[in-house]
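Taking it in order: structure first as structure tokens, then the write-up.
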């Protein structure tokens, strides 16, 4: 199988690493196969999930959340990463209407590398989007309380410890997601522009189509990520749909990509299994730390200060204690770390960030 790899630079104390190694093979409590028809974005929508699936969707580390300066801390170490992609990678994407969203399933040679030194990697499994019935809503995460009309999620699984996504989705440290906001623009989104010719074939539930790409003529990862990638939030959370598994390392970029009204209209032309328009397929923000849910408080980290400066910029202000060990460790190493790997020798790679 071809792969996309996501590799994190880990800087954690030995004790946290030991805990992570010990816990990395334990099953996640929140997680069980839930049939497609037991939840939706209509009569059995997000407001019912915590009650319908209390074992899964009412935990302490639910997603999405509202991202704000007030509820986050700067961690300069998060800025130390690069993203790369293998050259001349042939890959096939399977586009489908799974009844909840536009889903892009992956099998490719694309490689995303984050960080320097020892590495931890994830393999890309799928990409999907959430959108609203109008342009005032649609994103799952919000930024300072503001919603965007569209949000994309590039989903990875820990392929070092686990054989496939189906196993990793139920395990500690099993998943990582890159989240991108989209703001309305007169400019078409380049990735959706490549995919939109196939959308008329995906209007109805359980329809799919295979699309082949070559990274030498189309940079898939670069097209998905926003233009400004130094500015992002990172936190520990969960899947935003049942089973709501709380084993996701989230990275959500502050800068938004662009999407045109025409492209949003195409997405809204897809249909739910009921035949109704596929709109408002998002879960609202969940409490960052609810007093009604037991467990330790979680922290959100960011790469930029309150003035919007990223680490390395002139005048950058650090507002966290000097002994912070970085978000991957500070936010709870057990679910953020699975295993440290030797540094890899990477040849034939093209930097895209």
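In mature numbering (1 follows the signal peptide of the UniProt record, and there is no 0), the protein residues as written are -31 to -1, 1 to 322.
Backbone N, C-alpha and C fix where the C-beta goes; we use that ideal spot for every residue, glycine too.
Fair warning: this is a prediction, and the values are worked out from it, not measured in the lab.
Task: Element boundaries [alpha helix (DSSP H), containing residue 25] - done: Residue 25 sits at position 56 when you count from the first residue of the chain shown. Residues 23 to 26.
Task: residue 23 versus 210, 218, 180 and 69, residue with shortest Cα-Cα distance - done: Against the chain shown, residue 23 aligns to sequence position 54. Closest by alpha carbon: 210.
Open item on the list: Nearest by alpha-carbon distance to residue 6: which of 69, 248, 220 and 232 is it?
Closed with: Translated into positions along the chain shown, residue 6 becomes position 37. Nearest of 69, 248, 220 and 232 to residue 6, Cα basis: 69.
Open item on the list: For a quick check, are the C-beta atoms of residue 33 and residue 109 less than 7 Å apart?
Closed with: Here residue 33 is taken as the residue at index 64 of the chain shown, counted from 1. Here residue 109 is taken as the residue at index 140 of the chain shown, counted from 1. In contact: residue 33 and residue 109 (Cβ atoms closer than 7 Å).
Open item on the list: For the pair the region 93 to 106 and the region 219 to 237, tell me if three or more CB-CB distances fall below 8 Å.
Closed with: At 8 Å Cβ cutoff, the stretches touch.
TODO: Kindly give me the distance between the Cβ atoms of residue 35 and residue 141, rounded to whole angstroms, as I take these residues to be in contact under 8 Å.
DONE: By one-based count along the chain shown, residue 35 stands at place 66. By one-based count along the chain shown, residue 141 stands at place 172. By a beta-carbon distance limit of 8 Å, residue 35 does not contact residue 141. Their separation comes to about 25 Å.
Task: Which of helix, strand or coil DSSP assigns to residue 209 - done: On the chain shown, residue 209 is found 240 positions in, with the first residue counted as 1. Under the three-state reduction of DSSP, residue 209 is assigned to coil, being neither helix nor strand.
Task: Outcome for residue 73 when other beta-carbon atoms lying within 10 angstroms are tallied against a minimum of 16 - done: As a working mapping, residue 73 is identified with position 104 in the chain shown. Its Cβ being crowded by 16 or more others within 10 Å, residue 73 is buried.
TODO: Find out if the Cβ-Cβ distance for the pair residue 207, residue 59 is shorter than 7 Å.
DONE: Here residue 207 corresponds to residue number 238 of the chain shown, with the count starting at 1. Here residue 59 corresponds to residue number 90 of the chain shown, with the count starting at 1. It is not a contact, given that the beta carbons lie outside the stated cut-off.
Open item on the list: Only counting the same chain, and skipping five residues up and downstream in sequence, which positions put a Cβ closer than 6 Å to that of residue 160?
Closed with: Locating residue 160 in the chain shown gives position 191, counting from the first residue. Answer for residue 160: 192 and 193, listed in chain order.
Task: Ranges of the alpha helix (DSSP H) found wholly within the region 220 to 262, counting only runs of at least 4 - done: For the region 220 to 262, whole alpha helix (DSSP H) runs of length 4 or above, ordered along the chain, are 230 to 236.
Open item on the list: For a quick check, are the C-beta atoms of residue 129 and residue 143 less than 7 Å apart?
Closed with: Within the chain shown, the letter at position 160 stands for residue 129. Within the chain shown, the letter at position 174 stands for residue 143. Their beta carbons are not under 7 Å apart, which means residue 129 does not touch residue 143 by this criterion.
Open item on the list: Checking 7 Å against the spacing of the C-beta atoms, do residue 95 and residue 136 come in under that value?
Closed with: One-based indexing of the chain shown puts residue 95 at position 126. One-based indexing of the chain shown puts residue 136 at position 167. The answer is no: Cβ separation not under 7 Å.
Open item on the list: Between the alpha carbons of residue 200 and residue 40, how many angstroms are there, rounded?
Closed with: As a first step, residue 200 is located in the chain shown; it is residue number 231 there, counting from the start. As a first step, residue 40 is located in the chain shown; it is residue number 71 there, counting from the start. Going by the C-alpha atoms only, they are around 16 Å apart.
TODO: Can you tell me which of the three DSSP states residue 91 falls into?
DONE: Along the chain shown, one-based indexing puts residue 91 at 122. Strand.
Task: Extent of the continuous beta strand (DSSP E) to which residue 146 belongs - done: Position 177 of the chain shown, counted from the first residue, corresponds to residue 146. From DSSP, the beta strand (DSSP E) with residue 146 extends over 144 to 154.
TODO: Flag this pair as yes or no: are the beta carbons of residue 167 and residue 64 separated by less than 7 Å?
DONE: For this step, residue 167 is matched to residue 198 along the chain shown. For this step, residue 64 is matched to residue 95 along the chain shown. Against a cut-off of 7 Å, the Cβ pair of residue 64 and residue 167 comes out as a contact.
Task: residue 164 vs residue 220 beta-carbon contact at 7 Å - done: If you number the chain shown from 1, residue 164 lands on position 195. If you number the chain shown from 1, residue 220 lands on position 251. Not closer than 7 Å, so no.
- [ ] Can you give me the Cβ contacts of residue 174 inside the same chain, cut-off strictly under 6 Å, excluding the 5 residues immediately before and after it?
- [x] Residue numbering aside, residue 174 sits at position 205 when the chain shown is read from its first letter. In its chain, beyond the 5 residues on either side, 66, 68 and 242 have a beta carbon closer than 6 Å to the beta carbon of residue 174.
Open item on the list: Counting only C-beta atoms, is residue 213 closer than 7 Å to chain B at any point?
Closed with: As a matter of chain content, chain B is missing from the structure shown, which is built from one protein chain.
Task: Bounding residues of the beta strand (DSSP E) (the contiguous stretch that carries residue 62) - done: Against the chain shown, residue 62 aligns to sequence position 93. For residue 62, the enclosing beta strand (DSSP E) starts and ends at 59 to 66.
Open item on the list: From the DSSP secondary-structure annotation, give me the bridge partner or partners of residue 35.
Closed with: Walking along the chain shown from the start, residue 35 turns up at place 66. Bridge partners of residue 35: 111.
Task: Assumed close pair residue 43, residue 274 - CB separation to whole angstroms, cut-off 8 Å - done: Taking the first residue of the chain shown as position 1, residue 43 is located at position 74. Taking the first residue of the chain shown as position 1, residue 274 is located at position 305. About 6 Å separates the CB atoms of residue 43 and residue 274; that is less than 8 Å, so the two are in contact.
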